[in-house]
Amino acid sequence: MNAHTPEVPWPRLRRLCVGLAIAATTALGVWTMFRILYVEGISPLEMAIIGLFAITFGWITMAFWSALIGFVLNLTGRDPLSLKPRHSYPMRPEGSRSRTALVMPIHNEDVLRVAAGLEATCKDLDDLPQGIEVEAFVLSDSTDDEVVAEEKAAMAELQRRLKGHCLLHYRHRDSNAGRKAGNLGDFCTRWGSHYDYMLVIDADSLMSGTTVIELIDEMMANPRLGLLQTVPIPVRQDSLFGRANQFAAALYSPMLASGLSFWHATAANYFGHNAIIRVDAFTDACGLPELPGKPPLGGDILSHDFVEAALLRRAGWQVRMRTDLGGSFEEMPSHILDYAKRDRRWVQGNLQHMRLLGGRGLHVLSRLHFFFGALAYLSSLVWLAILVISTIDALIRALVPTNFFTSSSQLFPDWPIAPPNLIMPLLIGTLGMLLMPKVLGLVLGLIQKPQAYGGRARLVASMLLETLFAMLIAPLMMVFHSRFVIQVLSGRTVAWDPQSREGRALPWKEAFRHTWLWSLIGALWALVTWAFTPSFFIWLTPVWLGLVMAAPLVRWSSSLTIGRALRRAGLLLVPSETRPPAVVGELRVAEAPPPPATPAAPPREIPREMPVQSFREHGTDSAPEVSGEKPVD
131 MNAHTPEVPW
141 PRLRRLCVGL
151 AIAATTALGV
161 WTMFRILYVE
171 GISPLEMAII
181 GLFAITFGWI
191 TMAFWSALIG
201 FVLNLTGRDP
211 LSLKPRHSYP
221 MRPEGSRSRT
231 ALVMPIHNED
241 VLRVAAGLEA
251 TCKDLDDLPQ
261 GIEVEAFVLS
271 DSTDDEVVAE
281 EKAAMAELQR
291 RLKGHCLLHY
301 RHRDSNAGRK
311 AGNLGDFCTR
321 WGSHYDYMLV
331 IDADSLMSGT
341 TVIELIDEMM
351 ANPRLGLLQT
361 VPIPVRQDSL
371 FGRANQFAAA
381 LYSPMLASGL
391 SFWHATAANY
401 FGHNAIIRVD
411 AFTDACGLPE
421 LPGKPPLGGD
431 ILSHDFVEAA
441 LLRRAGWQVR
451 MRTDLGGSFE
461 EMPSHILDYA
471 KRDRRWVQGN
481 LQHMRLLGGR
491 GLHVLSRLHF
501 FFGALAYLSS
511 LVWLAILVIS
521 TIDALIRALV
531 PTNFFTSSSQ
541 LFPDWPIAPP
551 NLIMPLLIGT
561 LGMLLMPKVL
571 GLVLGLIQKP
581 QAYGGRARLV
591 ASMLLETLFA
601 MLIAPLMMVF
611 HSRFVIQVLS
621 GRTVAWDPQS
631 REGRALPWKE
641 AFRHTWLWSL
651 IGALWALVTW
661 AFTPSFFIWL
671 TPVWLGLVMA
681 APLVRWSSSL
691 TIGRALRRAG
701 LLLVPSETRP
711 PAVVGELRVA
721 EAPPPPATPA
731 APPREIPREM
741 PVQSFREHGT
751 DSAPEVSGEK
761 PVD
């Protein structure tokens, strides 16, 4: 291996230390909750609260420790894998050559946006180092005939515009079998042999030329590396909802990703896009089977990315994350309803992963990725269950009179024993761990690049605004996710359609239609607790207030006027706006489609097999044969 390739020292020790920190903090929180509730015994409802609390508190604890580790690494300028100071230099062996396909799977997408984004990325690749070749490959499995005709015309025009910059190929397949995973598999079995690597991007992805080169460079330097994931940051958002999420991702995501990369090491995860993959490794190890049974939990594996990362790792390939590359971008839904619609698809896909937890030969971290991916949505249902059970418990205590004489021969009453004074410490500790990632991200921003966020004062104000907004919409997202989980577990499936990314202000009618039930429930919840247990009503305020205000929150957060006004005021600014990279600044979406045309044919096919993997039998547990290399940890 080239001497510049970053090694990963003490991966098992890292995981052990982080695991112990998470376990110890979780145990302390659960024991504190137990002490609070245990007053002369504990009821079944209180035992249920403790069990559910343990799940949510453990989730919060993991995020806290990952953020703290990422903060230290970013503050000191250390690479989360090698733990050495970060440097940017060519790592590939001298004289080596590679060929990379920039592959974009599309399905009934906005064709003009696809063409504009791909053109911006390809034109940013003008200065490729010697020995590195990059071609673009659009992989369509669109089912709408009008969209397909638009695609062909747009790709023919884009081939003309990119001549001299980047060779572009277009393929349309009539079948949508296997969805995106099947689309990529079809590419690998027909044209994959032409390329060493494929850089997978989505229809809304943007990547700078520098980032593309660094990804290819690291793949060339490390023959054991199967997949290298970047941290995509949302861009080009105009609505309040989009801008708040864009700001949060820009400020917090690289730090959190660094902390995760520290203990994930060479068993990181895959997000399905903005990642480079070794074609031979993917073709040999990532043929996805169908899950037994009917959808939603059977059939095609929907969230294929986690599973492909697990299969690569099972086959002995390293799966790493690069958290220091600033040229990886994506777009996102612009309002809560479209965002929830996208989450509904991910809920179904991630819950399927629970069926794969026992798959033979998988790395323990791959199993954790499956579990945590499902828990990201199950935790909303757990949180809702805690609130409901706590409300029932509070109402019982308020409505059922306390009996101080439990025996007819008793001379003195059994006065209630006050719970230990631990409620406020637990509440403050939990809120502190919830907010600490935001505080740490703010500190990094203030130290390292405050001007990129509009200056220190505006950065602080933006962080407070984003935090308030996140707290207000959290109850609504909780009930959306809880409903989705229940739907999947009860057998309801969902169509996997392209997501909407265009900003639009939702009309009041649509906002009320999707939220009136939750607002009614929130209002009734507030009235009942106010009438019978006012103290619990006060503690519950963030929840019922977010539900009662659901329609206004959905309507106002979709507003482009409010979002743009905040930008003019210098709030929720992000580096891609204050210092726009060329690939973002030069993106121009055409106003009218090009005239009908037929794109040039793709290159000659070189057929190869893509074996279907099994989770019931052992996968390939040994590392790929590389002369002089140690097995992958």
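Residue numbers (the working numbering): 131 to 763.
Quick reminder that beta carbons are idealized off the backbone N, C-alpha and C, glycines included.
8 Å contact criterion, which residue i and residue j should meet: CB distance rounded
i	j	result
Leu418	Ile431	5 Å
Leu606	Leu683	7 Å
Asn404	Thr340	Asn404 to Thr340, Cβ: 14 Å. No contact.
Leu636	Arg685	6 Å
Leu486	Val437	7 Å
Thr162	Leu552	5 Å
Leu269	Met234	7 Å
Val409	Met328	5 Å
Tyr325	Thr230	6 Å
Ser433	Gly503	7 Å
Leu292	Glu249	7 Å
For residue i, the residue or residues it bridges with in DSSP
i	result
Glu265	Ala231 and Leu297
Met451	Gln359
Gly417	Val742
Ser687	DSSP, once it has assigned bridges, lists no residue as partnering Ser687.
Leu288	Leu288 is not bridged to any residue.
His434	Answer is none; His434 lacks a bridge partner.
Ala397	Val449
Arg208	Pro215
Gly429	Leu421
Ser270	Ile236 and His302
Pro364	Glu460
Leu336	Phe459
Limits of the beta strand (DSSP E) - the one that residue i falls within
i	result
Val330	Tyr327 to Val330
Ser458	Ser458 to Glu460
Among the options, the one whose alpha carbon lies nearest that of residue i
i	options	result
Met350	Gln260, Trp646, Arg366 and Pro223	Pro223
Ser458	Arg229, Asp254 and Arg697	Asp254
Gly389	Ala184, Ile199 and Val658	Ile199
Leu514	Ile363, Leu486, Ile180 and Met608	Met608
Pro664	Ala379, Ala528, His434 and Pro425	Ala528
Glu596	Gly693, Gly621, Pro210 and Gly429	Gly693
Glu281	Met554, Ala250, Ala246 and Gly188	Ala246
Val160	Glu344, Glu176, Arg452 and Val148	Glu176
Leu767	Leu690, Phe666, Gly715 and Leu336	This structure leaves residue 767 out entirely; the chain is present only between 131 and 763.
Asp213	Gln743, Glu716 and Ser391	The sequence shown places Leu at residue 213, rather than the Asp named in the question. With distances taken between Cα atoms, Leu213 lies closest to Ser391.
Leu455	Ala600, Leu508 and Leu358	Leu358
His611	Phe745, Leu421, Arg472 and Arg734	Arg472
Ser196	Ala184, Pro210 and Ile185	Pro210
Leu355	Arg450, Val169, Leu556 and His237	Arg450
Leu561	Ile190, Ala178, Ser338 and Ile180	Ile190
Leu589	Ala524, Ala374, Trp646 and Ile616	Ala374
Thr273	Arg303, Tyr168 and Leu717	Arg303
Ile86	Gly488, Arg718, Ile262 and Ser335	The requested residue 86 does not occur in the structure, where the chain is confined to residues 131 to 763.
Thr186	Leu505, Ile616 and Gly446	Leu505
Glu707	Gln581, Val658, Phe194 and Gln289	Gln581
Asp271	Leu242, Gly308 and Glu249	Gly308
Ala154	Ile166, Gly188 and Leu647	Gly188
Ser127	Arg734, Arg738 and Leu717	Only positions 131 to 763 of the chain appear in the structure, and residue 127 is not among them; the question remains open.
Met554	Arg142, Val714, Ile152 and Ile166	Ile166
Where the alpha helix (DSSP H) through residue i begins and ends
i	result
Ile407	First-last for Ile407: Ala405 to Arg408, but that is the beta strand (DSSP E), not the alpha helix (DSSP H).
Gly503	Val494 to Leu529
Val658	Trp638 to Phe662
Lys253	Val241 to Lys253
Asp468	Ile466 to Gln482
Ala157	Pro141 to Leu167
Asp347	Gly339 to Ala351
Thr708	Pro705 to Thr708
Lys579	No alpha helix (DSSP H) contains Lys579, which DSSP labels as neither H nor E.
Asp316	Arg309 to Arg320
Val714	Ala712 to Gly715
Ile603	Arg586 to Leu619
Thr671	Thr671 to Val678
heavy atom of the ligand SAH below 7 Å from residue i C-beta
i	result
Pro637	Of ligands this structure carries none, so the ligand SAH is not represented either.
Assess contact between the region 312-323 and the region 440-448, defined as three or more Cβ pairs (one per stretch) separated by less than 8 Å. Is contact present? Cβ pair count under 8 Å is below three, so no.
Between the region 484-498 and the region 391-398, do three or more beta carbon pairs fall short of 8 Å? The count of Cβ pairs closer than 8 Å, one atom from the region 484-498 and one from the region 391-398, reaches three, so the stretches are in contact.
Inter-stretch contact (C-beta, 8 Å, three-pair minimum) for the region 452-466 and the region 722-735: Taking 8 Å as the limit for Cβ pairs, the verdict is that the region 722-735 does not touch the region 452-466.
I want to know whether the region 373-384 touches the region 558-577 - three or more CB-CB distances under 8 Å. Touching, yes.
Is the region 298-305 touching the region 723-738, taking contact as three or more C-beta pairs under 8 Å? Contact between the region 298-305 and the region 723-738 is present, because at least three Cβ pairs lie under 8 Å.
For the 8 Å Cβ check, are there 3 or more pairs between the region 421-428 and the region 478-485? A contact exists between the region 421-428 and the region 478-485.
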